[in-house]
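Student: Sharing a structure, written as C-alpha cells. Questions coming.
Residue numbers (this note's numbering), protein chains in the order written: chain A, 49 to 161; chain B, 132 to 245.
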C-alpha cells in the first residue's frame, strides 16, 4: 500500500459528465502533483501545488480543474472530457524543500465513453 | 533530442542474472536522480534517490550517477521474477514557486524468467 491514496481506482464517464478525482496524503508533504499516464508511456506532469497554491500548470486544457483545499488533499475536477483523455491519472506528493523525491499513489484509471 | 533517453527494452533475463538499466540526459540543471519501479496497474514506486556522482547501494539495488558524462545506471543483483516491472529513471529540477519537476525517461520493461 502506498502512502498516497487516490479515489476512485476506476472511473468511467461520458463526455458530458462532471466528476472529481481525489488524492490524500498524511506524510506532512507540502507539494502535491497531478500526472497523466498513457499506456506504455512515462507520466506527464499536469499541475504542481506548493503550500496549497498552484505553482505549475503545464498548459492543461481547462476541462481539467485542480483544487487543493488543504495541505493533505488534492482534487482534480473533470468536465466535458474527450476520449483521448482516457488514461491513468496519478497523484504524487513531496516535501517542499528543493529536490525531495515524489511519492506516487496508484492512480485512477479513467475511461471516457 | 529528448532531455532524458532510456532504452525502452523489453529486456528479458533469467532469474539470478545481474540487470543493468541506463539513462542519459542532456540538461545540466538536473540535480537529483531517481529510479522508480512500476508494476502493471500500479503507480510508480520510488526505488533509489541520489544527488551526487558515485554509487548508492540498497540491498540488491545499486544506483550509479556520473554527472560528468550525464549518465545514470541502476543495477539489480540476483534478479527475481518479482522484479519484473517497468523501470523509470527520473531527474528533477527545483521549480520557482515551490515543489520540483520530474523529467522521466521512457521506461524499460524488464522480465525476469524462471
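Positions of the beta carbon are idealized from the N, C-alpha and C atoms, including for glycine.
These numbers come from a predicted model, not from an experiment.
(1) Could you round the C-beta distance between residue 111(A) and residue 129(A) to whole angstroms and report it? I think they count as a contact, below 8 Å.
(2) If I'm right that residue 140(B) touches residue 234(B) with Cβ under 8 Å, what's the distance once you round it to whole angstroms?
(3) Does DSSP put residue 93(B) in a helix, a strand or coil?
(4) Flag this pair as yes or no: are the beta carbons of residue 202(B) and residue 168(B) separated by less than 7 Å?
(5) Are the segment 114 to 133 of chain A and the segment 56 to 74 of chain A in contact at 8 Å, needing three or more beta carbon pairs?
(6) In chain order, what residues of the segment 180 to 209 of chain B put their CB closer than 9 Å to some CB of chain A?
(7) Decide yes or no for the touch test of the segment 184 to 204 of chain B against the segment 133 to 146 of chain A: beta carbon pairs closer than 8 Å, at least 3 of them.
(8) Secondary structure at residue 131(A), three-state DSSP: helix, strand or coil?
(9) Strictly under 7 Å for the Cβ-Cβ distance: is residue 177(B) near chain A by that measure?
(10) Under 7 Å, Cβ to Cβ, is there at least one residue of chain B near residue 146(A)?
(11) Going by alpha carbons, who is nearest to residue 138(B) out of 245(B), 209(B), 226(B), 205(B)?
(12) Hey, does residue 165(B) have any beta-carbon neighbour from chain A nearer than 7 Å?
(13) Using only the heavy atoms of the ligand COA, determine whether one of them is closer than 6 Å to the beta carbon of residue 126(A).
(14) Considering only residues of the segment 167 to 194 of chain B, which uninterrupted beta strand (DSSP E) runs meet the minimum length of 3 residues and lie entirely inside it, listed in chain order?
(15) Spatial neighbours of residue 148(A) within its chain, please: CB distance less than 6 Å, with the 5 preceding and 5 following residues excluded, ordered by chain position.
(16) Shortest alpha-carbon distance to residue 245(B) belongs to which of 236(B), 210(B), 232(B)?
(17) Hey, does residue 108(A) have any beta-carbon neighbour from chain B nearer than 7 Å?
(18) Within 10 Å of its beta-carbon, does residue 189(B) have 16 or more other beta-carbons around it, so buried, or fewer, so exposed?
(19) According to DSSP, simplified to helix, strand and coil, what is residue 56(A)?
(20) Going by Cα to Cα distance, which pick from 90(A), 118(A), 82(A), 88(A) is closest to residue 107(A)?
Tutor: By the coordinates alone:
(1) 6 Å
(2) No, residue 140(B) and residue 234(B) are not in contact; Cβ-Cβ is about 19 Å, not under 8 Å.
(3) Nothing about residue 93(B) can be read from this structure; chain B reaches only from 132 to 245.
(4) no
(5) yes
(6) 180, 182
(7) no
(8) helix
(9) yes
(10) yes
(11) 205(B)
(12) yes
(13) As presented, the structure is devoid of all ligands, the ligand COA included, so that no description of it is given.
(14) 176 to 181, 185 to 189
(15) 142
(16) 210(B)
(17) no
(18) exposed
(19) coil
(20) 82(A)
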